[in-house]
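Student: Protein sequence lines correspond, in order, to chains U, V and E. Under UniProt numbering, the residues of the first sequence are numbered 1 to 320, in order. Under UniProt numbering, the residues of the second sequence are numbered 1 to 236, in order. Under UniProt numbering, the residues of the third sequence are numbered 1 to 282, in order.
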Amino acid sequence: MSGAGRIAAGALATAAAGPAIAALVPPGVLLSLLAQACIYAILALSVGVLARQNGMVSFGHAAMFGAGAYLAGIGLGAPGLLPAEAALPLAVLAVAAVCFGLGLIVVRVHGIAFAMLTLALGQACFEAANKARGVTGGADGLTVALPREIFGLPAATFQWAEGMFLIAWLAMVALAALAALLARSRFGLLTEAIRENEERARFLGYGTVLPRAAVFALSGGIAAAGGVLYVLYNGFVSPETVHWSVSGSALIMALLGGTRTVWGPLAGAAVYFLLREQLVEVTERWLGLLGILLVLVMVFLPDGLSGLPRRLRRQRGAEA
Amino acid sequence: MSAPALSARGLARHYGGVAALRGVDLDLVPGEIRGLIGPNGAGKSTLVDVLSGRAPGSGGSVRLFGQDITGLGPAARRHAGLARSFQRTSIFPALPVGAQLDLAARRVGATDAPRLLDELDLARLAAVPAEQTAYGDQRRLDLALALVGPPRVLLLDEPAAGLTAEESLALADRLRELARARGVTVLLVEHDMEVVFRICERITVLELGAILAEGTPQEIRRHPEVVRAYLGSAAA
Amino acid sequence: MTIQILNGLVYGSLLLVLAAGLALIYGLRRVVNFGHGAFYMLGAYAGYTAAQAGGFWAGLAASAVVLALFGAVLDRLVFRALQDRDPLVTVIVTFGLLLVIEDAVQWIWGTEGRSMDAPALLAGSVALGGDAFPVYRLAVIAMAAGLTAALLAWLHRSRAGLFVRAASLDPAITAVQGVNTDAVAMLVTALGAALAGVSGVIAAPFLSLSPAMGGQILVDCFVVVVVGGLGSLGGAALAALLLGQVQVLGAVLLPDIAALIPFLTMAAVLLWRPTGLAGKRL
Ligand SMILES: Nc1ncnc2c1ncn2[C@@H]1O[C@H](COP(=O)(O)OP(=O)(O)OP(=O)(O)O)[C@@H](O)[C@H]1O
Ligand SMILES: [Mg+2]
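Next up, the structure:
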């Protein structure tokens with residue numbers, strides 16, 4: 001089977017697992033948690049795409065996530081202006097477009113400087129969300145009433161744990177498949193080459209700013225899609241959603257899972273939420289344990305948990 | 001008379017107070033393999049950097065077959081037909097060898113990537129990430145990335161750096177064949193005199209950022225100032 | 001107005017001490033310590049506990065010692081082990097430490113806010129242009145000035161300081177000259193952590209203690225070092241004092257956009273000189 005075929009088959013199989021999970025898990029708190037987990041997994045995926053294709057570590061992706069949520073919320077709050085079916089995709093496209101423009105400038109910054117730059121821009125967005133009371137509701141947040149139907153589905157579907165879990169699961173799988181297809185495309189190879197050695201890519205005749213900005217836009221769009229689902233499910237968004245601690249959590253998920261593979265961040269999000277749920281039962285100290293886990297993974301498994309099989313295979317190969 | 005393949009006039013470059021190039025003129029005849037030698041710090045890499053658009057010159061101009069490319073960036077120079085390799089291996093460590101070469105070939109619409117992999121003994125490594133290959137393979141990959149196309153003019157900054165004497169000579173012979181077969185004009189920076197004398201028709205000697213001498217291998221071998229400045233008693 | 005300017009100066013002074021530690025560590029290890037705010041908070045709590053037994057000054061000393069030890073261990077076990085890896089890996093490890101420290105502090109001291117008294121000597125207030133101003137805040141300015149002067153004197157007058165300056169310019173060459181750069185780096189990381197701890201104790205009497213105090217000030221501290229130039233104490237000092245004014249005066253004069261200014265300035269500096277982060281003169 002070709003690579004693209006494998007991705008499609010994997011995506012279909014994973015997508016089909018969604019209803020099975022929904023059927024197996026008793027409805028209620030756990031399913032609601034899974035729905036939230038899928039939404040944050042999409043955010044982690046977006047952080048991972050940027051790290052994998054551009055080699056950039058972002059401490060500010062909550063801004064794109066929050067921007068998607070706010071724009072969708074504002075669009076849904078003015079139903080006379082735009083039907084919801086247009087407002088939601090527009091929110092994603094608008095964030096992606098802004099990220100592309102921003103990307104043309106910010107992708108010139110690398111390494112630690114980029115991490116700090118995204119932190120600064122993210123906090124600027126956080127402050128803006130706090131201050132622009134007229135648009136965002138300020139610190140009180142924005143409460144969003146959904147229209148009766150969106151895309152033919154009753155509004156309740158989006159705010160019901162099982163409904164949102166399925167929607168978010170499918171969205172997550174579709175976006176991951178998109179990212180995987182991109183990664184193995186010519187464009188994906190080019191961005192990886194630029195990540196590895198930007199100067200040499202230029203000497204091979206490639207412009208390097210545009211491809212990097214395009215990846216930044218894609219990553220921003222994926223994050224915004226997560227934000228749109230977030231506001232649909234919660235009917236509410238506040239500056240807390242844009243805070244850098246959210247960016248930090250998404251980064252932790254991505255790095256725990258590993259950004260060498262496209263699906264690593266999804267695995268990282270699963271570990272993050274499972275750990276939180278399991279540990280909360282026994283100890284309140286789950287954040288500290290998460291920090292320790294992050295340190296251990298960074299030191300001993302630089303490719304993250306998703307790099308483990310590869311690592312084991314290699315070790316076995318070396319012994320044989 | 002046809003225009004020189006590569007023609008530089010008055011190239012200069014400073015690093016802070018240090019003048020690394022002080023008004024260098026250079027003309028490469030189409031199809032020749034020109035050697036560029038000089039002691040450590042003479043400015044050889046700086047000259048290649050300015051010619052290839054890696055570093056801005058602080059004066060002078062560069063022409064490629066008559067076309068002024070002075071203000072162009074590296075990517076535009078590659079499209080104009082000027083390629084280079086690096087003294088410190090510059091490849092894409094995590095990417096498979098074959099994929100890198102495809103990437104290089106596709107950009108300039110070249111179809112000779114598979115053949116070049118064969119000719120540079122890299123075909124067996126096509127699917128292996130470059131970081132897992134031997135140092136010598138990485139050096140040849142660096143060369144292949146520049147040679148694919150082929151470009152019209154090729155700047156090679158010590159392609160044999162770090163190789164054994166034997167490997168250097170083998171690489172030099174291979175390089176001569178490849179360049180001849182493709183009609184590529186080459187500027188070859190090399191420390192190993194034996195290599196330069198073996199494959200270059202003409203040699204330019206750089207010292208302290210200026211051209212000290214230029215001529216055939218025989219002339220350079222006998223040039224009194226070159227002997228004093230560079231070759232020392234060993235070559236005499 | 002005078003009071004506002006003074007308050008800005010107080011906050012700027014605090015940032016200066018904190019940022020000096022961050023810049024020192026960066027100079028030697030080329031790592032931006034995301035755990036620096038957590039060090040500051042840990043220092044405040046450690047000082048708080050010691051102060052209950054022995055008073056403010058005991059708290060200050062205890063915090064410096066505890067954090068210096070912490071910094072030394074961190075350098076030995078983490079920074080040194082990771083020095084050949086991508087600096088981003090170390091940065092993320094310091095981010096992980098931030099989580100661990102914040103959680104440990106909540107474990108030990110709980111989540112409710114706490115307050116710490118200024119030393120008796122510096123209690124009370126003075127009249128300034130008709131308004132009362134706490135003496136302790138004036139003392140904060142003095143302490144920050146004193147610490148900065150001591151640090152500069154140490155860097156520029158002592159033999160160890162010479163090694164630090166040399167090693168932050170070029171560790172490899174300094175090592176070749178026979179300086180034990182690992183020892184210098186450990187000393188500097190310890191010192192940087194101690195400065196964070198000390199600034200936590202200094203802040204405690206006028207900003208209340210809470211596990212979240214580190215996260216808030218960390219980003220301000222980043223603004224200071226980026227705008228001032230990482231590795232330049234003079235630049236950091238200027239940026240810290242300016243930021244203090246922007247925070248306090250801006251909140252009064254331009255309440256809508258003042259909060260954005262520091263971040264946008266930091267972003268502009270990073271974009272304008274992306275390599276400005278590369279260490280320079282200390
Ligand atoms: N980035 C730089 N900053 C400051 N000075 C530099 C820099 N690069 C080169 N130089 C100086 O410019 C001069 C020329 O250096 P260059 O690397 O061009 O020499 P070279 O002839 O290639 O030497 P080698 O044989 O060692 O490769 C030297 O004095 C060198 O120290
Ligand atoms: Mg050189």
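Built from N, CA and C at the ideal position, the CB exists for glycine as well.
Taking only three categories from DSSP, how would you classify Ala236(V)?
Tutor: Within the second sequence, numbered from 1, the residue matching residue 236(V) stands at position 236. With a pLDDT of 39 at Ala236(V), under the threshold of 50, the modelled position of that residue is not reliable, and the figure given next carries that caveat. Looking at Ala236(V) - three-state DSSP - the assignment turns out to be coil, as it is neither helix nor strand.
Student: Would you mind working out which of Arg212(U), Ile42(U), Trp244(U), Leu218(U) sits nearest Met116(U), comparing C-alpha positions?
Tutor: Walking along the first sequence from the start, residue 116(U) turns up at place 116. Here the closest residue by C-alpha is Trp244(U).
Student: Under the criterion of a Cβ to heavy atom distance below 7 Å, does Asp142(V) qualify as lining ligand 2?
Tutor: Here residue 142(V) refers to the residue found at position 142 of the second sequence. Not so, every heavy atom of ligand 2 lies at least 7 Å from the Cβ.
Student: Residues of chain U with a CB under 9 Å from the CB of Ile91(V): which are they?
Tutor: The residue labelled residue 91(V) in the question sits at position 91 within the second sequence. Under the 9 Å cutoff, chain U gives Glu196, Asn197, Arg200.
Student: Between the stretch 102-110 of chain V and the stretch 44-54 of chain V, are three or more C-beta pairs nearer than 8 Å?
Tutor: They do not touch, by the three-pair rule.
Student: Using three-state DSSP, classify Gly35(E) as helix, strand or coil.
Tutor: Along the third sequence, read from residue 1 onward, the residue named residue 35(E) stands at position 35. The answer is coil: DSSP assigns Gly35(E) none of H, G, I, E or B.
Student: Does the stretch 138-158 of chain V come within contact of the stretch 89-99 of chain V, defined as at least 3 CB pairs closer than 8 Å?
Tutor: Yes, since at least three Cβ pairs between the stretch 138-158 of chain V and the stretch 89-99 of chain V fall closer than 8 Å, the two stretches touch.
Student: Is there at least one Cβ from chain E nearer than 8 Å to Gly291(U)'s Cβ?
Tutor: Within the first sequence, the letter at position 291 stands for residue 291(U). Closer than 8 Å: yes.
Student: In chain order, what residues of the same chain lie with their CB nearer than 7 Å to the CB of Ile220(V), ignoring the 5 residues before and after it?
Tutor: Taking the first residue of the second sequence as position 1, residue 220(V) is located at position 220. Only Ile203, Val205, Ala213, Val226 meet the Cβ criterion.
Student: Is Val24(V) near ligand 1, judged by its Cβ being under 7 Å from some heavy atom?
Tutor: One-based indexing of the second sequence puts residue 24(V) at position 24. False, no ligand heavy atom lies under 7 Å from that Cβ.
Student: Under 8 Å between C-beta atoms, does Arg139(V) make it to chain U?
Tutor: Position 139 of the second sequence, counted from the first residue, corresponds to residue 139(V). Judged by the 8 Å Cβ criterion, Arg139(V) is not in contact with chain U.
Student: Tell me whether Gly304(U) sits in a helix, a strand or coil according to DSSP, three-state version.
Tutor: Working through the first sequence from its first residue, we reach residue 304(U) at position 304. Three-state DSSP puts Gly304(U) in coil, outside helix and strand.
Student: Quick one: which chain U residues come within Cβ less than 8 Å of Gln100(V)?
Tutor: For the purposes of this step, residue 100(V) is taken as the residue at position 100 of the second sequence. Under the 8 Å cutoff, chain U gives Ala193.
Student: Establish whether the CB of Leu255(U) and some CB of chain V are separated by less than 8 Å.
Tutor: Numbered from its first residue, the first sequence carries residue 255(U) at position 255. Chain V, which has no Cβ nearer than 8 Å to the Cβ of Leu255(U), makes this no.
Student: By how many angstroms is the C-alpha of Gly178(E) removed from the C-alpha of Gly264(U)?
Tutor: Along the first sequence, read from residue 1 onward, the residue named residue 264(U) stands at position 264. Along the third sequence, read from residue 1 onward, the residue named residue 178(E) stands at position 178. Taking the straight line from one Cα to the other gives about 45 Å.
Student: Compile a chain-ordered list of the residues in the stretch 45-67 of chain V whose CB is closer than 9 Å to at least one CB of chain U.
Tutor: Answer set for the stretch 45-67 of chain V: Ser52, Gly53, Arg54.
Student: Rounded to a whole number of angstroms, what is the C-alpha to C-alpha distance between Leu169(V) and Leu122(V)?
Tutor: In the second sequence, residue 169(V) corresponds to position 169, counting from 1. In the second sequence, residue 122(V) corresponds to position 122, counting from 1. Computed Cα separation, rounded: 18 Å.
Student: Just how far apart, CA to CA, sit Tyr257(E) and Gly3(U)?
Tutor: Here the question's residue 257(E) lines up with position 257 in the third sequence. Here the question's residue 3(U) lines up with position 3 in the first sequence. First, the residue type needs correcting, since residue 257(E) is Ile and not Tyr in the sequence shown. If you take the alpha carbons of Ile257(E) and Gly3(U), they lie about 50 Å apart.
Student: Please check the pair Gly122(U) and Ala254(U), which I expect to be a contact at CB under 8 Å, by giving their CB distance rounded to whole angstroms.
Tutor: On the first sequence, residue 122(U) is found 122 positions in, with the first residue counted as 1. On the first sequence, residue 254(U) is found 254 positions in, with the first residue counted as 1. Contact flag wrong, Cβ pair sits at about 15 Å.
Student: Is any non-hydrogen atom of ligand 2 found closer than 7 Å to the C-beta of Lys131(U), if you look at the structure I gave you?
Tutor: In the first sequence, the residue the question calls residue 131(U) occupies position 131. Not under cutoff, so the answer is no.
Student: Please report how far the alpha carbon of Ile3(E) lies from the alpha carbon of Leu253(E), in whole angstroms.
Tutor: Here residue 3(E) refers to the residue found at position 3 when the third sequence is read from its first residue. Here residue 253(E) refers to the residue found at position 253 when the third sequence is read from its first residue. Approximately 14 Å, taken between the alpha carbons.
Student: Does the structure place the stretch 21-35 of chain U close enough to the stretch 143-161 of chain U that three or more beta carbon pairs sit under 8 Å?
Tutor: The stretch 143-161 of chain U is in contact with the stretch 21-35 of chain U.
Student: In the DSSP output, what is Gln4(E) paired with across the bridge?
Tutor: For the purposes of this step, residue 4(E) is identified with residue 4 of the third sequence, where counting begins at 1. Beta-bridge pairing links Gln4(E) to no other residue.
Student: Rounding to the nearest angstrom, what Cα-Cα distance links Ala235(V) and Gly35(V) in this structure?
Tutor: Against the second sequence, residue 235(V) aligns to sequence position 235. Against the second sequence, residue 35(V) aligns to sequence position 35. Here the model assigns Ala235(V) a pLDDT of 44, short of 50, so the residue's position is not dependable, and the following value carries that caveat. Taking the straight line from one Cα to the other gives about 17 Å.
Student: Output needed in chain order: residues of the stretch 179-190 of chain E with a Cβ under 9 Å from some Cβ in chain U.
Tutor: Cβ contacts with chain U come from no residue of the stretch 179-190 of chain E.
Student: Between Arg84(V) and Arg200(U), what straight-line distance do the alpha-carbon atoms span, to the nearest angstrom?
Tutor: Against the second sequence, residue 84(V) aligns to sequence position 84. Against the first sequence, residue 200(U) aligns to sequence position 200. Approximately 10 Å between the Cα atoms of the pair.
Student: Closest to Asp92(E) by CA distance: which of Leu24(U), Ala15(U), Val57(U) is it?
Tutor: Indexing the third sequence from 1 puts residue 92(E) at position 92. It should be pointed out that residue 92(E) corresponds to Ile in this sequence rather than to Asp. Nearest option by C-alpha distance: Val57(U).
Student: Looking at Leu279(U): is its Cβ nearer than 8 Å to the Cβ of Gly268(U)?
Tutor: In the first sequence, residue 279(U) corresponds to position 279, counting from 1. In the first sequence, residue 268(U) corresponds to position 268, counting from 1. Going by C-beta atoms, Leu279(U) is not nearer than 8 Å to Gly268(U).
Student: Tell me whether Glu240(U) sits in a helix, a strand or coil according to DSSP, three-state version.
Tutor: On the first sequence, residue 240(U) is found 240 positions in, with the first residue counted as 1. Residue state, collapsed to three classes: helix.
Student: Could you tell me how far apart the beta carbons of Ala8(V) and Leu26(V) are, in whole angstroms, since I believe they sit closer than 8 Å?
Tutor: As a first step, residue 8(V) must be located in the second sequence, where it is residue number 8. As a first step, residue 26(V) must be located in the second sequence, where it is residue number 26. Rounded, the Cβ-Cβ distance is 4 Å, consistent with contact.
Student: From the DSSP output, in three-state form, read off Ala278(E) for me.
Tutor: Translated into the one-based positions of the third sequence, residue 278(E) becomes position 278. A caution first: Ala278(E) carries a pLDDT of 44, below 50, which makes its placement in the model too unreliable to give a value.
Student: Since Val186(V) meets chain U, which of its residues come closer than 7 Å, beta carbon to beta carbon?
Tutor: Counting from one through the second sequence, the residue named residue 186(V) turns up at place 186. Per Cβ cutoff of 7 Å: no residues; Val186(V) is ~16 Å from chain U at best.
Student: Is the shortest distance between the beta-carbon of Phe203(U) and the beta-carbons of chain V less than 8 Å?
Tutor: By one-based count along the first sequence, residue 203(U) stands at place 203. Closer than 8 Å: yes.
Student: Taking C-alpha atoms, which residue in Val262(U), Pro302(U), Leu294(U) lies nearest to Ile7(U)?
Tutor: As a first step, residue 7(U) must be located in the first sequence, where it is residue number 7. Checked all of Val262(U), Pro302(U), Leu294(U); the closest Cα to Ile7(U) is Val262(U).
Student: Just to check, is the beta-carbon of Thr46(V) closer than 7 Å to a non-hydrogen atom of ligand 1?
Tutor: The residue given as residue 46(V) occupies position 46 in the second sequence. Thr46(V): yes, Cβ under 7 Å from ligand 1.
Student: Can you tell which of Ala23(E), Leu24(E), Asp220(E) has the C-alpha that lies nearest to the C-alpha of Ile261(E)?
Tutor: Counting from 1 along the third sequence, the entry for residue 261(E) is found at position 261. The shortest C-alpha separation from Ile261(E) is found at Asp220(E).
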